[in-house]
Structure formats: structure tokens, C-alpha cells
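Position 19 (the sequence shown) corresponds to 19 in UniProt numbering; numbering is contiguous.
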Amino acid sequence: MLNKFREAKQLEIDSLRKSFMEGHLPAVYRGDRPSFVDAIKTKGPGAVIAEFKPASPSKGVLRENANPLDFADIYANNGAAAISVLTEHQYFGGTPDFLFMMSQPGIPLLRKDFILDPLQVAMTASSPAAAVLLVARMCDDVTHLAQMVELARMPGLSPVVEIFDQADLDMARAAGADIIQVNNRNLDTLETSLDQSRNFIKQKQEGELWICASGISKRAQVEEMAGLGFDAVLVGTCLMEADNPGEKLAELTGAK
Numbered sequence: 001m002l003n004k005f006r007e008a009k010q011l012e013i014d015s016l017r018k019s020f021m022e023g024h025l026p027a028v029y030r031g032d033r034p035s036f037v038d039a040i041k042t043k044g045p046g047a048v049i050a051e052f053k054p055a056s057p058s059k060g061v062l063r064e065n066a067n068p069l070d071f072a073d074i075y076a077n078n079g080a081a082a083i084s085v086l087t088e089h090q091y092f093g094g095t096p097d098f099l100f101m102m103s104q105p106g107i108p109l110l111r112k113d114f115i116l117d118p119l120q121v122a123m124t125a126s127s128p129a130a131a132v133l134l135v136a137r138m139c140d141d142v143t144h145l146a147q148m149v150e151l152a153r154m155p156g157l158s159p160v161v162e163i164f165d166q167a168d169l170d171m172a173r174a175a176g177a178d179i180i181q182v183n184n185r186n187l188d189t190l191e192t193s194l195d196q197s198r199n200f201i202k203q204k205q206e207g208e209l210w211i212c213a214s215g216i217s218k219r220a221q222v223e224e225m226a227g228l229g230f231d232a233v234l235v236g237t238c239l240m241e242a243d244n245p246g247e248k249l250a251e252l253t254g255a256k
């Protein structure tokens, strides 16, 4: 699955490299970039990062004609600490434009995509995003991941490093990551299990911020993950499929 995502991003990377060779580098965004870490700590443990994703590889289209402007307001008004914004187009129906469209409420945005090249980090820094997702195993090695982590921090982005197994966690720490996102999805079956997070959180170290991602759909699960030590949970599919996304989010955040 990750190889498919890698292939899907190559056109974007080639385009960015061509522009770079022609002397064009995206200018760093000069507007407000609220702190992702501060927002999580203020509402954590168990802060909810609400995700906007029109589609997913496992379920296809999640919501027809989903309006990112509407969802930004809905998420901000119902207790979200931050918004995860899918910008990958082929499998998730996203676009980097969503980062600008969803910045109006002023809560931190996490760019969720498959970031493989330093120029993608530069492009993220040219948007209102406050954080960027880096999937550990999509990097060539520890040196590559460490470079991406450092590049993200330079313009003020928070690098969120996603892990699936022990090797990923070891690599993330060796690369200097201090925001760890545990993905509960099995990449082979696409099924989710919170046992993944239940097991990994035992290794949380002082000074780290941990996020539980995938498989959360109930308030009791949010409370359990918070009790185990997760600073935040990332919730997407159940919000996108809900008849009333705001009501569902308020339930998850405890605002209802």
C-alpha cells in the first residue's frame, strides 16, 4: 500500500524539483501558524484531532461534495484541538489548497500526506499548516528521516512521525522525533485494532507527545487512550461518515 502512495506522489515531487531547478522555491508562509503542540497540550490528554478526508483507500468516497470550509467551522466549534487535513489527491481526494481553505478558524492544521522529499516540506511551510506528517517507513533510512524532521522544524512546523511497528519507533527516536503517532491500521488487511496503541504507549518517554490514530469512533475509546497516556487521538472516518459531524465530534471531545 505504501508503495502505491509513493508512486502517486512522484508526479508532485518531479514538478517541485523542476521548479526548484528553475530557481523557484516556495516562500515561507508569513501569516499566523498556531502551535500544534500547545493546542494538544491545552486540551490533552485525549485531545481530539479531527480529520478532513473526502475519501480513503479502504472505503472509497466517504462524503460526497464535502466542503472543507464548512468542516473547518464545524470542527473548530465542537472541541477539536487541531484539524488533520488530507492533501493527497489520488487515494484521499485531497489537495494542498485545503490548508488555506481550512485555516480561517485559527486552530492548528496538520498536513497529512506522503512526504518523501525536502521540497514537499518546503511546500508545506508555504501554507498555513502548523504540523506535517512524516511516515517513518517511507523514508530511506534514519538519516533521511532526521533531515525531514529538522527541515520541518526550521520554519516552525511540528514534525509528527507516524509508526506502525517497533522498527519504525526506533527509527523515529534515532531521527530526533518527539511527536509520535501510532497508526492502528494493518497495512496488509487495512483493518484497525486499538491493541496497537495499547501496546506501544507503554514505551512513551518523558518529553514526547503521543497521538493514537485510526479506529477511534466512541467517547469511551478516547477516554481509554487518554488514560493510557495518549496526548491526543486522531479521528477521521467516523466524522466524515456521520449524519451530523459536529454532533459526533462534540460527543468524542466531551463537549456534548
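Note that CB positions come from ideal geometry on N, CA and C, so glycine has one too.
Nearest-angstrom beta carbon gap, residue j and residue i [assumed within contact, 8 angstroms]
i	j	result
D32	G106	7 angstroms
L252	R198	Wrong, their Cβ atoms sit about 18 angstroms apart, outside the cutoff.
I83	A50	6 angstroms
F92	A130	About 20 angstroms; that fails the 8 angstroms criterion.
A255	G46	About 12 angstroms; that fails the 8 angstroms criterion.
V235	I211	Rounded, the Cβ-Cβ distance is 11 angstroms, inconsistent with contact.
L69	M101	6 angstroms
Residue burial classification, residue i (beta-carbon count within 10 angstroms, cutoff 16)
i	result
S15	exposed
D168	buried
G227	exposed
L249	buried
L59	A quick correction: the sequence has Lys, not Leu, at residue 59. By the 10 Å Cβ count, K59 comes out exposed.
N67	exposed
E162	buried
V132	buried
M171	buried
L187	exposed
Residues bridged to residue i [DSSP beta-bridge criterion]
i	result
N67	None, per the DSSP bridge assignment.
I74	According to DSSP, I74 bridges with nothing at all.
G60	S56
E180	Before going further, note that residue 180 is Ile rather than Glu in the sequence given. Note: I180 sits in a beta bridge opposite V161 and W210.
A47	A232
T87	None, per the DSSP bridge assignment.
R185	T192
V121	Answer is none; V121 lacks a bridge partner.
R111	V85 and V132
Spatially closest choice to residue i from the options, by CA coordinates
i	options	result
P118	F200, L109 and A152	A152
Y29	E191, L99 and F52	L99
A177	E150, G254 and D165	E150
D165	P159, N184 and G246	N184
I179	K202, G207 and P57	G207
K4	G246, A27, V222 and P57	P57
P96	L62, F52, F20 and A250	F52
K112	M225, C139, A27 and P159	P159
V142	Q120, L116 and P128	L116
A174	I201, A136 and L209	A136
Neighbour flag for residue i against chain D, beta carbons, 9 angstroms
i	result
L110	In the structure shown, chain D cannot be found, because there is only a single protein chain.
query = Are the region 81-90 and the region 5-19 touching, with three or more C-beta to C-beta distances below 8 angstroms?
reply = As far as the Cβ criterion goes, the region 81-90 touches the region 5-19, which means the pair count is three or higher.
query = How about the region 150-166 and the region 120-129: do they share at least three Cβ pairs that are nearer than 8 angstroms?
reply = Touching, per the Cβ criterion.
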